[in-house]
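First comes the structure, then the notes that go with it.
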Amino acid sequence: MTSILFIAPHEEIAATAQMIIKKMHIDIPVITASNQAAVNAAITQEQISIIISRGGTARDLRQYTNKIIVELHTSFIDISTAIEKIAAAGSKNIAIVSTDNILENASNLFNFGDINIKFCPCKDDTHIIKKIQELSNCNIDGIIGDIQAVKTAHNLQIKNSIYIDSGILSITKALEEALSLDANQRNKQLRLKTMQAIIDNIDEGIIGCNQEQKIIFSNKEGQKILSANPAFFFDNYSKRLIKDLEEYKGKVIELNSEKILLDLIELNITNEYKNNILIFQKVSNIENSARRIRTALQQKGLYAKKKFSDIKYSSKEMAAVITLAQRFANSNSNILIYGETGTGKEGLAQSIHNSSPRRNKPFVSVNCASLPPTLIESELFGYVDGAFTGARRSGKKGLFELAHTGTIFLDEIGDLPLDIQSRLLRVLQEREIMRIGDDKIMPIDIRIICATNKNLKQLIKNGLFRQDLYYRINVLRLSLPPLRERQEDIMPLIYFYLHKYLPAKNSSKPNFPENIIKYLKTYFWPGNVRELKNMAEALAFSYPDNLNLCAIKTILDDTAMESSDNNLKIPIVNDLKEMEKNILQQLLDKYSPDEVCQMLKISRVTLWRKCK
273 MTSILFIAPH EEIAATAQMI IKKMHIDIPV ITASNQAAVN AAITQEQISI
323 IISRGGTARD LRQYTNKIIV ELHTSFIDIS TAIEKIAAAG SKNIAIVSTD
373 NILENASNLF NFGDINIKFC PCKDDTHIIK KIQELSNCNI DGIIGDIQAV
423 KTAHNLQIKN SIYIDSGILS ITKALEEALS LDANQRNKQL RLKTMQAIID
473 NIDEGIIGCN QEQKIIFSNK EGQKILSANP AFFFDNYSKR LIKDLEEYKG
523 KVIELNSEKI LLDLIELNIT NEYKNNILIF QKVSNIENSA RRIRTALQQK
573 GLYAKKKFSD IKYSSKEMAA VITLAQRFAN SNSNILIYGE TGTGKEGLAQ
623 SIHNSSPRRN KPFVSVNCAS LPPTLIESEL FGYVDGAFTG ARRSGKKGLF
673 ELAHTGTIFL DEIGDLPLDI QSRLLRVLQE REIMRIGDDK IMPIDIRIIC
723 ATNKNLKQLI KNGLFRQDLY YRINVLRLSL PPLRERQEDI MPLIYFYLHK
773 YLPAKNSSKP NFPENIIKYL KTYFWPGNVR ELKNMAEALA FSYPDNLNLC
823 AIKTILDDTA MESSDNNLKI PIVNDLKEME KNILQQLLDK YSPDEVCQML
873 KISRVTLWRK CK
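In structure tokens:
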């Protein structure tokens with residue numbers, strides 16, 4: 273059913289409008305009426321929301337109805353055509369008389385030679401009658417105008433009088449504007465219906481009330497909760513709720529023998545217009561949801577918490593790593609993250625997952641070093657019923673299977689036994705797994721991110737890591753710099769974690785003496801960010817009493833860390849170079865090449881040469 277009505281002031285415009293409507297293949301009714309008759313017609317047609325009209329009729333419709341009025345403007349071409357017609361009838365002194373919304377800017381028309389043209393915009397019909405009466409005494413022999421102007425000119429026996437017709441261009445433009453407004457209205461109504469459908473299909477009851485405590489909207493659940501006795505609720509709760517919002521937020525009340533968790537939101541639409549949204553939740557529904565959440569969270573490691581925004585840094589070294597990681601996130605290629613203990617390898621892996629197309633899929637984290645050798649295979653690949661003694665009857669999904677469509681993070685990849693490395697290589701090559709005890713191959717769709725703090729190339733030389741596996745996992749590589757190599761991050765990180773662990777009353781930024789700042793920036797940080805975080809947490813408990821260098825050293829156990837490398841086994845051999853090589857190898861077994869170079873104050877090239 274159409275919501276647009278075209279009201280023409282006379283039959284000529286009505287006929288032109290009907291012709292254009294037919295050509296546009298649209299269904300818009302056209303009636304001929306003006307002023308009060310037009311208003312009466314508009315009021316009786318309730319389904320109509322948009323009316324096309326012009327002049328005084330448009331002004332009356334806008335004043336006396338709540339419809340949207342599209343003004344049918346009169347173009348220069350329309351007025352020029354009328355002038356040509358009346359001039360052809362013999363008029364030389366012409367007055368154009370109509371409401372000012374029709375004649376807006378009309379005085380800018382070009383000159384018509386020896387024809388005198390006077391423009392007379394009027395406010396309303398009374399003004400039009402008065403103006404034409406004045407003109408009848410001024411040698412005017414032609415009147416161009418609307419219905420009222422032509423009628424008055426005829427009564428005063430002025431020689432010629434004709435209507436200003438709205439031409440094809442003006443009518444087409446008005447129709448297009450009305451159709452656009454109608455489409456916008458329909459879209460708005462559709463959005464409102466969609467929003468209502470959404471709030472009707474959520475478990476919470478929602479009721480909106482104004483400052484006078486009158487309900488202005490609600491959803492089905494809200495109506496259901498208050499259906500028994502809404503008056504009781506507003507008499508006993510609503511007045512106090514609106515008076516003291518904070519007191520009732522999160523309050524459990526009883527309605528219709530049902531415990532209800534109540535929340536209230538104040539909406540300040542404008543300074544004068546304020547609403548309150550009441551949200552009702554059945555406590556029984558909340559408890560059921562909590563049980564479902566607890567059940568889901570029992571599947572440990574199936575979601576990633578960290579995002580790139582959670583990683584705190586200001587150094588250019590970390591900025592470069594994050595930029596590269598963000599670029600890698602959109603790829604499906606395998607990633608190898610290298611970093612010392614405590615540099616945040618898992619947090620980076622989680623951030624990559626949460627920025628990838630797999631963000632809404634599982635994230636499974638596996639610490640290869642923590643899995644018992646006897647259980648590694650069954651944990652990674654799963655098993656079927658009867659696969660071994662003690663196996664579950666229903667079998668068990670492996671971690672690779674749990675990560676299907678998502679990401680699996682293999683931390684400490686260098687600690688995987690060689691036989692498991694062989695099976696992992698097949699997963700990487702074929703993207704297929706087979707449960708222990710099964711004869712069926714299962715395809716899987718996973719993104720694999722590995723991490724290590726060990727020198728995998730050295731492990732390959734020692735026969736502890738497969739070279740073919742190394743090249744499979746090392747497609748995209750990220751190296752997390754140790755904390756000592758990004759000194760500008762140290763103090764901001766300390767302030768961040770101190771703020772996190774300090775009581776709320778100590779919200780001001782701690783003031784570290786210069787000697788402590790210098791010490792912290794030059795400290796080796798073997799545990800990296802994890803060690804820094806632990807130090808900040810310990811310091812928070814005694815802050816500010818122990819804010820001195822001695823206390824900081826005690827927390828960091830600096831002396832113990834400095835002496836930890838003195839327990840090296842120094843072989844007594846005749847070849848000094850062989851002895852040096854053996855010592856370096858012991859250090860490389862415990863630390864990364866970068867750490868060894870830092871401790872010995874040598875370059876990586878020198879270290880490589882000495883280990884040959």
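Quick note, the numbering used here runs 272 ahead of the 1-based positions in the sequence shown.
No residue lacks a Cβ here, since even glycine has one placed at the ideal position from N, Cα and C.
Please read all numbers here as calculations on a predicted model, not as lab measurements.
- As DSSP reads the structure, residue 714 sits in a beta bridge with 705.
- Fewer than three Cβ pairs drawn from the segment 576-583 and the segment 548-563 lie within less than 8 Å of each other, which leaves the two stretches out of contact.
- Boundaries for residue 653: no beta strand (DSSP E) harbours it, while the alpha helix (DSSP H) harbouring it runs 648-653, taken from the DSSP string.
- In the structure shown, the three-state DSSP call for residue 798 is coil.
- Counting only residues of its own chain and dropping the five nearest sequence neighbours on each side, residue 782 has a CB closer than 6 Å to the CB of 770.
- Using a Cβ distance threshold of 8 Å, residue 574 and residue 674 count as a contacting pair.
- Under the three-state reduction of DSSP, residue 747 is assigned to coil, being neither helix nor strand.
- With a threshold of 16 other beta carbon atoms within 10 Å, residue 424 meets it and is buried.
- Going by DSSP, residue 480 is part of the beta strand (DSSP E) stretching over 477-482.
- The beta-bridge partner set that DSSP reports for residue 673 is empty.
- Rounded to whole angstroms, the gap between the alpha carbons of residue 643 and residue 867 is 27 Å.
- One alpha carbon belongs to residue 746, the other to residue 719, and they sit about 13 Å apart.
- Between the alpha carbons of residue 884 and residue 731 lies a gap of roughly 15 Å.
- Here residue 593 carries a helix assignment [DSSP, helix/strand/coil].
- Membership of residue 619 in the alpha helix (DSSP H) is indicated by the continuous run 617-626.
- Following the DSSP letters along the chain, one finds residue 424 inside the alpha helix (DSSP H) bounded by residues 419-427.
- The beta-carbon distance between residue 287 and residue 278, rounded to whole angstroms, is 12 Å. This is too long to meet the 8 Å contact definition.
- Residue 719 carries a strand assignment under DSSP once its states are collapsed to helix, strand and coil.
- The Cβ neighbour count for residue 319, taken over all protein chains shown within 10 Å, is under 16; the residue is labelled exposed.
- Distance from the CA atom of residue 422 to the CA atom of residue 398, rounded to whole angstroms, is 14 Å.
- With distances taken between CA atoms, residue 827 lies nearest to 795 out of 857, 772, 795.
- Separation of residue 623 and residue 773 (C-alpha to C-alpha, rounded to the nearest whole angstrom) is 24 Å.
- In the DSSP assignment, residue 538 is bridged to 548.
- The C-alpha of residue 522 lies about 60 Å from the C-alpha of residue 395.
- Only residues of its own chain outside the window of five on either side were considered, and among them 367 have a CB closer than 6 Å to the CB of residue 390, listed in chain order.
- Residue environment for residue 807: buried (at least 16 other C-beta atoms within 10 angstroms of its C-beta).
- Distance check between residue 549 and each of 478, 763, 596, 486 places 478 closest, using alpha-carbon atoms only.
- Bridge pairing for residue 775: absent [DSSP].
- Nearest C-alpha to residue 283 among 439, 723, 299, 385: 439.
- Under the three-state reduction of DSSP, residue 810 is assigned to helix.
- Membership of residue 656 in any alpha helix (DSSP H) is not indicated, and neither H nor E is assigned to it by DSSP.
- A direct Cα-Cα distance of roughly 6 Å separates residue 821 from residue 788.
- Taking C-beta atoms as the reference points, residue 364 and residue 350 fail to come closer than 8 Å.
- The C-alpha of residue 704 is placed about 5 Å away from the C-alpha of residue 714.
- A contact is defined here as three or more CB-CB pairs under 8 Å, and the segment 465-474 fails this definition with respect to the segment 333-347.
- Considering only 593, 442, 872, the residue with the shortest C-alpha distance to residue 347 is 442.
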